[in-house]
Every structure is written in C-alpha cells, then in structure tokens.
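A.B. asks:
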Amino acid sequence: MAFSRGSPAARPSSPPSSESGEYRDTPEISTASETEDDAPPSHAVNVALRWNESKSTIWKLTATFWCAMVMGANDAAYGAIIPYLETYYQKSYTVISLIFLSPFVGYALSAILSNLIHQNLGRRGIAVIAPSCHVTAFAIISTHPPFPVLVVFYVLIGLGSGFHNAAWNVWIGNMANSNEVLGFFHGFYGIGATISPLVATTLITKVGWQWYSYYYLMTGGAALALIYTAAAFWDETSNKYQQENESLVGDAGGALSQTRAALTHKVTWICAVFLFLYGGIEVAIGGWIVVFMTNVRHGGAFESGMAETGFWLGITVGRFVLGFVSPRIGEKLSVAIYILFAIALELIFWLVPEFIVSAVAVSLVGFFMGTIFPGVVIVATRMLPRNIHVAAIGFAAAFSMGGGAVFPFMIGAIAQAKGVTILQPILLAMLAVALGIWTTLFRLPQREVSHQV
1 MAFSRGSPAA RPSSPPSSES GEYRDTPEIS TASETEDDAP PSHAVNVALR
51 WNESKSTIWK LTATFWCAMV MGANDAAYGA IIPYLETYYQ KSYTVISLIF
101 LSPFVGYALS AILSNLIHQN LGRRGIAVIA PSCHVTAFAI ISTHPPFPVL
151 VVFYVLIGLG SGFHNAAWNV WIGNMANSNE VLGFFHGFYG IGATISPLVA
201 TTLITKVGWQ WYSYYYLMTG GAALALIYTA AAFWDETSNK YQQENESLVG
251 DAGGALSQTR AALTHKVTWI CAVFLFLYGG IEVAIGGWIV VFMTNVRHGG
301 AFESGMAETG FWLGITVGRF VLGFVSPRIG EKLSVAIYIL FAIALELIFW
351 LVPEFIVSAV AVSLVGFFMG TIFPGVVIVA TRMLPRNIHV AAIGFAAAFS
401 MGGGAVFPFM IGAIAQAKGV TILQPILLAM LAVALGIWTT LFRLPQREVS
451 HQV
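Using the numbering used here, the first residue of the sequence shown is number 1, and each one after it goes up by one.
Below you can see the structure in the form of structure tokens.
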C-alpha cells in the first residue's frame with residue numbers, strides 16, 4: 001500500500017482497501033470520525049480519488065481513455081502505411097523513417113511545456129491544446145502534402161501526444177487502484193493500436209483507399225477527443241490545480257522550479273532512460289513488423305498487416321489482464337519478469353524462421369510488454385514527491401516517445417544498408433539493456449526524496 005509522503009505522524013485510523021494506494025497528499029480528508037461541521041483534524045491524511053466516486057470523475061476518465069485510443073491508433077498506423085509512403089513519395093527507408101524521428105521534437109517540447117500549462121491553464125488547458133494539435137496535424141496529413149510538410153506536422157502529433165501522456169498518466173497514477181485503472185488507460189491505447197493497422201490495411205488492400213485517406217478517420221477521432229475532453233475537464237482550471245497542489249508546491253513554486261527539482265532525482269532519470277528504450281522497442285516492432293514479415297518471412301501484404309495487429313492485440317490484452325497481476329507480484333519485480341519473458345520470445349521470433357511462429361511470438365512479446373509503461377508510472381509516483389509528479393512523469397513519458405522516434409529511425413537507416421533482418425538482434429540488445437537499467441531501482445529506497453543526483 002502507498003501512503004502519502006507527508007508528515008510521519010499522519011497515519012490512517014484504518015487500513016486502506018487497496019494495495020494500489022488509497023491515500024494521497026491533497027486534498028486533505030479525515031479518515032477518523034468527523035465533527036459536525038466536517039472540519040478535518042490536524043492529523044488528517046489524504047484519500048486518493050476513486051475512479052467511480054462521481055459521474056464527473058467517470059466522465060473525465062472515459063475522456064482520457066478516448067485520447068489514449070486516438071494516440072494508439074496514430075502510433076500503430078506507421079507500420080501499416082510505411083510501405084505505401086515509400087512508394088508514394090519514392091523515398092528510401094532512411095528518409096521515410098523521418099516520420100518516426102520528427103515527433104521527438106514535439107515530445108521534447110511537451111516535456112518542457114506540460115507543467116507550465118498545468119500551472120497556468122490547469123488540466124482544462126491540456127484537454128483543449130493536446131487534441132487540437134492532433135486535429136490540425138491529422139487534417140493536414142490527410143491532404144497528402146509534400147514530404148517535408150508531412151514531416152513537420154508529425155512534430156505537432158508528438159506535441160499533442162506528449163501533453164496527453166504527461167497529464168493523464170499523472171492524474172490516473174494518483175488515483176486509488178491506480179495500477180488497474182492505468183492498465184485500462186493504456187489498454188485503450190492498445191485498442192486503438194490494435195484496430196488501426198487492421199482498419200488501415202483492410203481499407204488500403206481490400207477497399208482501394210490511398211494511405212492518406214486513413215487520416216480522414218484520424219481527424220474525426222481527434223475532433224471527438226477535443227470535444228469530449230474539453231467538456232469533461234472544463235472545470236479543471238489553473239486555480240483548482242494550484243489549490244490542489246498548494247500544500248505541495250511550497251517554496252519551490254513554479255513550473256520550471258518543479259521541473260528542475262524532478263531532474264535532481266535518480267528515479268526520474270532511471271525511469272526516463274528505461275522508457276526511452278521501452279518506447280523504442282514498442283514502436284520499432286510496431287513500425288517495422290510489416291516490412292519484416294513481408295521481406296524476411298515472405299508473408300503477403302494482408303497477412304503481414306495482421307501480424308502487426310496481433311502484436312498490438314497482445315499489448316492490449318496484457319494491459320487489461322496483467323494490470324491485476326502486477327500489484328500482487330510487486331510493480332518493480334513484475335516489470336523485470338515481463339522483460340525476461342519478452343527476451344525469451346524475441347529469441348524464438350528471431351531463431352525460428354516460420355511465419356506463423358513469428359506471428360505468435362510477436363503477439364506474446366506484446367502481451368508481456370503491454371503493462372510495463374503503466375508499471376513504471378506507478379513506481380515513479382510512489383518513489384517521488386507528489387509535487388513533481390507532472391514534471392517527472394512528463395519528462396519520462398517524453399523520453400519514451402523520444403525512444404519511439406529515435407530507434408525506429410535508426411533501424412530504418414541501418415535496414416537501408418544491412419537489410420531489415422537486423423531488427424531482431426537490435427531489439428534483443430535493447431531489451432537486455434533495459435532490464436539492466438531497471439534493476440538499478442531495486443537498490444534505491446521505496447521513496448527517493450533525499451537521494452538525488
């Protein structure tokens with residue numbers, strides 16, 4: 001169970017009902033018998049927001065789920081459309097891979113600006129700005145602009161996704177039963193990622209759509225996200241956000257100060273570097289699996305597209321299922337175990353040159369990798385002071401998306417020279433390094449407040 005990182009004297013009068021953390025830092029709510037005027041005693045502790053405690057909270061939560069589904073649909077679309085981008089624009093693997101790399105600029109900007117938006121505009125600002133970035137970018141891409149313009153607008157996609165990830169991972173991560181609820185949030189990302197290549201591949205190969213026609217659907221989905229989240233979070237103003245965090249901000253007030261503070265903690269950097277590798281692995285598999293299955297395993301265009309669908313389906317099922325398993329094992333240990341399973345399955349994927357075996361293996365890789373991201377968020381929120389959660393998680397999430405931009409680009413550049421067969425040994429090396437980085441967390445205390453870099 002996770003108690004708030006406030007005064008040591010603050011303790012609940014009865015144990016919480018969930019190991020995911022029933023208590024948080026603000027607002028203060030008494031767990032003892034309250035007086036007639038409902039004034040909390042001085043030793044009150046803080047009860048975490050429950051996902052179903054009000055219709056408003058449920059509405060907000062489902063809005064974040066829709067945002068996650070749009071992000072997943074965008075990220076998984078890369079793998080389905082890359083072969084058609086190559087033909088349409090007459091570009092090499094290396095040049096086409098710029099669509100992976102350019103969002104990194106947006107992710108980096110989101111890491112800097114996310115905390116500022118929270119402080120000045122509240123969650124309402126995120127709810128309006130993030131989906132607006134997506135709507136604009138998808139609408140322009142659907143017009144199949146010249147390739148340099150395409151690359152520029154993928155930056156805007158990265159900015160919007162970065163804002164979404166930083167805001168909603170922290171908001172949900174501080175809820176009661178956060179592991180399970182975050183599993184659902186990331187599970188809806190997986191739903192979008194599962195449906196996306198299936199729909200894109202079917203529309204392109206069976207119906208005769210052009211690759212850019214798929215972005216008509218993405219524009220509509222992002223527009224719904226804009227309306228949905230803006231309405232749901234309209235009451236989440238900057239004043240409300242600052243009041244919620246008033247007791248936590250203290251003398252370190254100010255978004256930039258909190259960002260600087262977050263970067264002094266070892267946990268922030270360990271989680272950021274780990275997620276940099278994790279994001280690279282996830283998007284590299286999703287982005288290059290169709291090319292690999294077509295060129296190396298000699299599958300048809302439709303069958304290879306379904307292999308990508310299987311990978312994202314594995315991620316989706318893993319997030320919904322393993323989110324209930326991880327708290328019972330322990331988040332730190334469970335992440336290490338899941339990486340070991342992924343390494344074993346990657347070896348099978350690489351060494352058994354059969355299409356069906358590869359398709360099943362990559363689906364199981366997705367299953368075990370699915371809940372790693374939410375697990376990292378839970379570990380970070382428990383080990384870091386709450387006043388720097390937005391800054392720290394935003395920074396780490398941006399690193400994750402940065403890895404999802406940099407490594408697929410690198411693989412595309414190497415594949416241009418060496419062939420796409422290099423995908424598997426690179427992924428295995430990345431998984432091994434990620435495991436080594438993650439194990440360093442086991443040597444840190446549960447709450448890394450004073451152990452700074």
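Here a beta-carbon is modelled for each residue, glycine too, at the ideal position from N, C-alpha and C.
Would P103 pass as a contact of G404 if the rule is Cβ separation under 9 Å?
C.D. replies: Position 103 of the sequence shown, counted from the start, is the residue given in the question as residue 103. Position 404 of the sequence shown, counted from the start, is the residue given in the question as residue 404. Yes, these two residues count as a Cβ contact at 9 Å.
A.B. asks: Using the Cα positions of L313 and W209, report the straight-line distance between them to the nearest angstrom.
C.D. replies: Against the sequence shown, residue 313 aligns to sequence position 313. Against the sequence shown, residue 209 aligns to sequence position 209. Their Cα atoms are separated by approximately 24 Å.
A.B. asks: On the CB-based measure, 16 or more other CB atoms within 10 Å of its CB, does W269 come out buried or exposed?
C.D. replies: Residue mapping note: residue 269 aligns to position 269 of the sequence shown, counting from 1. Residue burial annotation: W269 is buried, with at least 16 other C-beta atoms found within 10 angstroms of its C-beta.
A.B. asks: Within a Cβ cutoff of 7 Å, which residues of the same chain sit near A398, ignoring the five residues on either side of it in sequence?
C.D. replies: Numbered from 1 along the sequence shown, position 398 holds the residue referred to as residue 398. Counting only Cβ-Cβ distances below 7 Å, and skipping sequence neighbours, we find Y107, A108, S110, A111, G162.
A.B. asks: Would you please state the rounded distance, in angstroms, between the beta carbons of G192 and A68? I believe it to be under 8 Å.
C.D. replies: Counting from 1 along the sequence shown, the entry for residue 192 is found at position 192. Counting from 1 along the sequence shown, the entry for residue 68 is found at position 68. That belief holds up - the Cβ atoms of G192 and A68 are roughly 7 Å apart, short of 8 Å.
A.B. asks: Note down, in chain order, each residue of its chain lying with its Cβ closer than 6 Å to the Cβ of I388, except the 5 sequence neighbours on either side.
C.D. replies: As a working note, residue 388 is residue 388 in the sequence shown. Around I388: Q258, A261, A262.
A.B. asks: Does DSSP put G370 in a helix, in a strand, or in coil?
C.D. replies: As a working note, residue 370 is residue 370 in the sequence shown. Three-state result, G370: coil.
A.B. asks: How big is the Cα-Cα spacing for W59 and L49?
C.D. replies: In the sequence shown, the residue the question calls residue 59 occupies position 59. In the sequence shown, the residue the question calls residue 49 occupies position 49. When rounded, the distance between both Cα atoms is 14 Å.
A.B. asks: In the DSSP assignment, the alpha helix (DSSP H) including Y89 goes from what residue to what residue?
C.D. replies: As a first step, residue 89 is located in the sequence shown; it is residue number 89 there, counting from the start. Note, Y89: alpha helix (DSSP H), 55-89.
A.B. asks: For the candidate residues L98, T87, V170, P83, whose alpha-carbon lies nearest to that of F395?
C.D. replies: On the sequence shown, position 395 is the one that residue 395 refers to. When each option's Cα is compared against that of F395, the closest is V170.
A.B. asks: Just curious, the alpha helix (DSSP H) that P408 is in, first and last residue?
C.D. replies: For this step, residue 408 is matched to residue 408 along the sequence shown. Following the DSSP letters along the chain, one finds P408 inside the alpha helix (DSSP H) bounded by residues 389-418.
A.B. asks: From what residue to what residue does the alpha helix (DSSP H) around L216 run?
C.D. replies: On the sequence shown, residue 216 is found 216 positions in, with the first residue counted as 1. Reading off the sequence shown, one finds Tyr at residue 216, where the question assumed Leu. 214-232 is the span of the alpha helix (DSSP H), which, as asked, contains Y216.
A.B. asks: When burial is assigned at 16 or more other CB atoms within 10 Å of the CB, is N165 buried or exposed?
C.D. replies: In the sequence shown, the residue the question calls residue 165 occupies position 165. Per the 10 Å Cβ criterion, buried.
A.B. asks: Which first and last residues belong to the alpha helix (DSSP H) in which F163 is found?
C.D. replies: The residue you call residue 163 lines up with position 163 of the sequence shown. 147-173 is the span of the alpha helix (DSSP H), which, as asked, contains F163.
A.B. asks: So, is V207 buried or exposed, given that buried needs 16 or more other C-beta atoms within 10 angstroms?
C.D. replies: Taking the first residue of the sequence shown as position 1, residue 207 is located at position 207. Its Cβ having fewer than 16 others within 10 Å, V207 is exposed.
A.B. asks: Taking contact to mean 3 or more Cβ pairs, one atom from each stretch, closer than 8 Å, check whether the region 342-351 and the region 150-162 are in contact.
C.D. replies: no
A.B. asks: Output the distance between the C-alpha atoms of P408 and M401, rounded to the nearest integer angstrom.
C.D. replies: Here residue 408 refers to the residue found at position 408 of the sequence shown. Here residue 401 refers to the residue found at position 401 of the sequence shown. Their Cα atoms are separated by approximately 11 Å.
A.B. asks: Count the other CB atoms within 10 Å of the CB of S358; is the residue buried (16 or more) or exposed (fewer)?
C.D. replies: Indexing the sequence shown from 1 puts residue 358 at position 358. With 16 or more Cβ atoms within 10 Å of its Cβ, S358 is classed as buried.
A.B. asks: Does the beta-carbon of P385 have 16 or more other beta-carbons within 10 angstroms, so that it is buried, or is it exposed?
C.D. replies: Walking along the sequence shown from the start, residue 385 turns up at place 385. P385 should be labelled buried.
A.B. asks: Could you tell me the distance, in whole angstroms, from the CA atom of V199 to the CA atom of T421?
C.D. replies: Taking the first residue of the sequence shown as position 1, residue 199 is located at position 199. Taking the first residue of the sequence shown as position 1, residue 421 is located at position 421. Roughly 27 Å separates the two Cα atoms.
A.B. asks: Between C411 and A284, how many whole angstroms is the CB-CB distance? I'm expecting something under 8 Å.
C.D. replies: Reading the sequence shown from its first residue, position 411 is the one you call residue 411. Reading the sequence shown from its first residue, position 284 is the one you call residue 284. The sequence given here places Ile at residue 411; Cys does not occur at that position. That belief holds up - the Cβ atoms of I411 and A284 are roughly 5 Å apart, short of 8 Å.
A.B. asks: Quick one, which of I96, Y93, I378 has its alpha-carbon nearest S326's?
C.D. replies: Numbered from 1 along the sequence shown, position 326 holds the residue referred to as residue 326. Residue I378 is the option with its Cα nearest to S326.
A.B. asks: Confirm, please, whether the CB-CB distance from R319 to G370 is below 9 Å.
C.D. replies: Numbered from 1 along the sequence shown, position 370 holds the residue referred to as residue 370. Numbered from 1 along the sequence shown, position 319 holds the residue referred to as residue 319. Contact: yes.
A.B. asks: Check this for me: beta carbons of P445 and V290, under 9 Å apart or not?
C.D. replies: On the sequence shown, position 445 is the one that residue 445 refers to. On the sequence shown, position 290 is the one that residue 290 refers to. No, Cβ-Cβ distance for P445 and V290 is not below 9 Å.
A.B. asks: If Y214 sits next to L203, beta carbons under 8 Å apart, how far is it from one beta carbon to the other, in whole angstroms?
C.D. replies: Taking the sequence shown and counting its residues from 1, the one referred to as residue 214 is at position 214. Taking the sequence shown and counting its residues from 1, the one referred to as residue 203 is at position 203. Their Cβ separation, rounded to whole angstroms, is 6 Å, which keeps Y214 and L203 in contact under 8 Å.
A.B. asks: At which residues does the alpha helix (DSSP H) containing E308 begin and terminate?
C.D. replies: For this step, residue 308 is matched to residue 308 along the sequence shown. Note, E308: alpha helix (DSSP H), 301-322.
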